[in-house]
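Asks:
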Amino acid sequence: MGSGQPPVATRTCTNCGASGAKAYCPDCGQHVVDGRITAGSILSEFFSWVFNVDRGLWLTLRDLLVRPARVVGEYWAGRRGIYLGPVRFLLVVVLLVSLHELLFPDEFLGVLHTTDGEVKLMVQFLFGLLMPLAALVLLLRYGWRKRTYWEHLVATIYLMGLLLIVSMLIIDPLALLLDLEDGAPPWVFTGFLGAHFVLYPPLYGRAGWRQRLLDGLVLTVIFMALSLGCLLLLATFSPDLEVAM
31 MGSGQPPVAT RTCTNCGASG AKAYCPDCGQ HVVDGRITAG SILSEFFSWV FNVDRGLWLT
91 LRDLLVRPAR VVGEYWAGRR GIYLGPVRFL LVVVLLVSLH ELLFPDEFLG VLHTTDGEVK
151 LMVQFLFGLL MPLAALVLLL RYGWRKRTYW EHLVATIYLM GLLLIVSMLI IDPLALLLDL
211 EDGAPPWVFT GFLGAHFVLY PPLYGRAGWR QRLLDGLVLT VIFMALSLGC LLLLATFSPD
271 LEVAM
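End of the sequence shown sits at 275 in this note's numbering; the numbers just go up one at a time, nothing left out.
1. How close, in whole Å, do the beta carbons of Phe-119 and Tyr-188 come, if the pair is a contact with beta carbons under 8 Å?
2. For Ser-128 and Leu-194, what's the separation of their Cα atoms in angstroms?
3. Straight-line CA distance for Leu-121 to Thr-220?
4. Output the boundary residues of the alpha helix (DSSP H) element that contains Thr-68.
5. Any Cβ of chain D within less than 8 Å of the Cβ of Leu-208?
6. Quick check on this structure: which residue in Tyr-172, Leu-183 and Arg-177 has the alpha carbon closest to the alpha carbon of Ala-164?
7. Can you list, in chain order, the residues of its chain with a C-beta nearer than 7 Å to that of Gly-347? Leave out the 5 residues immediately preceding and following it.
8. In whole angstroms, what separates the C-alpha of Val-251 from that of Arg-236?
9. Grab the span of the alpha helix (DSSP H) containing Pro-116 for me, first residue to last.
10. With respect to the alpha helix (DSSP H) encompassing Gly-103, which residues constitute its N-terminal and C-terminal limits?
11. With Leu-194 as the anchor, note down where its alpha helix (DSSP H) starts and where it stops.
12. With a threshold of 7 Å on Cβ separation, who are the neighbours of Ser-257 within its own chain once the five nearest residues in sequence on each side are excluded?
13. Pull up the CB-CB distance for Val-196 and Leu-249, whole angstroms please, since I reckon it's below 8 Å.
14. Using 8 Å as the threshold, is the C-beta distance between Gly-246 and Phe-222 below it?
15. Report the option in Leu-233, Leu-170 and Ala-255 whose CA atom is closest to the CA atom of Tyr-105.
16. Beta-carbon within less than 6 Å of Ala-185's beta-carbon, same chain only, minus the 5 sequence neighbours each way: which residues are those?
17. Under 8 Å Cβ to Cβ from Leu-243, same chain only, skipping five residues before and after it: list those, please.
18. In angstroms, rounded to a whole number, what distance separates the CA positions of Leu-169 and Ser-49?
19. Taking just the CA atoms, how far does Ala-255 sit from Pro-98?
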């Protein structure tokens with residue numbers, strides 16, 4: 031007897047010509063394309079690829095907040111069908127940074143700057159430089175765990191990407207809402223940074239709370255020192271820049 035469900039229409043794949051394709055072609059895996067190309071279809075394809083709304087972005091953000099070691103560990107282990115990959119996640123962060131610049135043009139992660147476009151680019155460049163520097167810190171701290179520099183870089187992309195999102199979506203708007211002339215207090219961002227670093231040591235086999243707190247403190251101090259060094263370097267070349275301390 032029939033199931034009572036209407037049969038799913040099948041189509042011919044426009045990529046390889048195979049018949050029997052439904053949502054995806056069974057031979058080449060391409061998503062079935064119907065109709066003419068429109069502005070809406072292009073935007074839909076772009077946002078679907080970047081944000082992967084159906085299964086990636088929101089789960090990635092949620093687990094990065096509560097169990098970041100799992101997100102990184104899954105990628106290290108080659109299980110990459112659940113979370114957004116680091117490159118795609120970084121692209122999402124870049125898009126959000128661009129949107130943040132439109133809404134909050136005078137502040138970026140506690141740095142108050144002029145509307146000089148060159149200064150803004152330098153600030154963003156130096157913050158981007160902290161990712162490879164932080165990966166180097168992890169390599170020096172956990173090099174005996176036999177992880178490559180690039181594996182540590184994956185961890186820093188996820189961590190710092192999340193820190194950027196939290197700052198842009200929560201910390202900076204809150205500072206604006208409370209009318210804080212100097213931006214959000216530095217301890218807010220520093221506290222979140224330290225708390226998040228404490229969640230990463232289990233990824234390197236240091237699961238005890240005493241080890242996690244010690245490692246989190248060491249990593250936070252090193253990271254903040256790198257951040258301060260970059261900001262001071264930026265201030266040296268940009269006299270108009272003010273650093274919120």
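Cβ coordinates follow ideal geometry from the N, Cα and C atoms, glycine included. Note that the coordinates shown come from a computational prediction; the quantities given were computed from them, not determined experimentally.
Replies: Put simply:
1. As a position in the sequence shown, residue 119 is number 89, starting the count at 1. As a position in the sequence shown, residue 188 is number 158, starting the count at 1. Right, the Cβ-Cβ distance comes to about 7 Å (below 8 Å), so this counts as a contact.
2. Taking the sequence shown and counting its residues from 1, the one referred to as residue 128 is at position 98. Taking the sequence shown and counting its residues from 1, the one referred to as residue 194 is at position 164. Cα to Cα, the separation comes out at about 12 Å.
3. As a working mapping, residue 121 is identified with position 91 in the sequence shown. As a working mapping, residue 220 is identified with position 190 in the sequence shown. Counting only the Cα atoms, Thr-220 lies some 24 Å from Leu-121.
4. Locating residue 68 in the sequence shown gives position 38, counting from the first residue. Element bounds for Thr-68: n/a, residue is neither H nor E.
5. Absent here is chain D; the protein component of the structure consists of one chain.
6. For the purposes of this step, residue 164 is taken as residue 134 along the sequence shown, with counting starting at 1. Taking Ala-164 as reference, the option from Tyr-172, Leu-183 and Arg-177 with the minimal CA-CA separation is Leu-183.
7. Because the chain is modelled from 31 through 275, residue 347 falls outside the range shown and cannot be assessed.
8. Within the sequence shown, residue 251 is the residue found at index 221, counting from 1. Within the sequence shown, residue 236 is the residue found at index 206, counting from 1. Near 18 Å, if we compare the C-alpha coordinates of Arg-236 and Val-251.
9. Taking the first residue of the sequence shown as 1, we reach residue 116 at position 86. Looking at the DSSP string, the run of the alpha helix (DSSP H) that includes Pro-116 is 116-133.
10. One-based indexing of the sequence shown puts residue 103 at position 73. Per DSSP, Gly-103 belongs to the alpha helix (DSSP H) from 98-106.
11. Position 164 of the sequence shown, counting from 1, holds the residue named residue 194. Segment 179-196, the alpha helix (DSSP H) holding Leu-194.
12. Indexing the sequence shown from 1 puts residue 257 at position 227. The answer, listed in chain order, is Leu-160.
13. What you label residue 196 is simply residue 166 of the sequence shown in a count that begins at 1. What you label residue 249 is simply residue 219 of the sequence shown in a count that begins at 1. Cβ-Cβ separation between Val-196 and Leu-249: approximately 17 Å, too far for a contact (criterion under 8 Å).
14. Position 216 of the sequence shown, counted from the start, is the residue given in the question as residue 246. Position 192 of the sequence shown, counted from the start, is the residue given in the question as residue 222. Phe-222 is positioned such that its CB atom lies no closer than 8 Å to that of Gly-246.
15. The residue given as residue 105 occupies position 75 in the sequence shown. With distances taken between Cα atoms, Tyr-105 lies closest to Leu-233.
16. For this step, residue 185 is matched to residue 155 along the sequence shown. The answer, listed in chain order, is Val-102.
17. Position 213 of the sequence shown holds residue 243. Contacts found: Val-228.
18. As a working note, residue 169 is residue 139 in the sequence shown. As a working note, residue 49 is residue 19 in the sequence shown. So the alpha carbons of these two residues sit roughly 50 Å apart.
19. The sequence position of residue 98 within the sequence shown is 68, counting from 1. The sequence position of residue 255 within the sequence shown is 225, counting from 1. Going from the Cα of Pro-98 to the Cα of Ala-255 covers about 23 Å.
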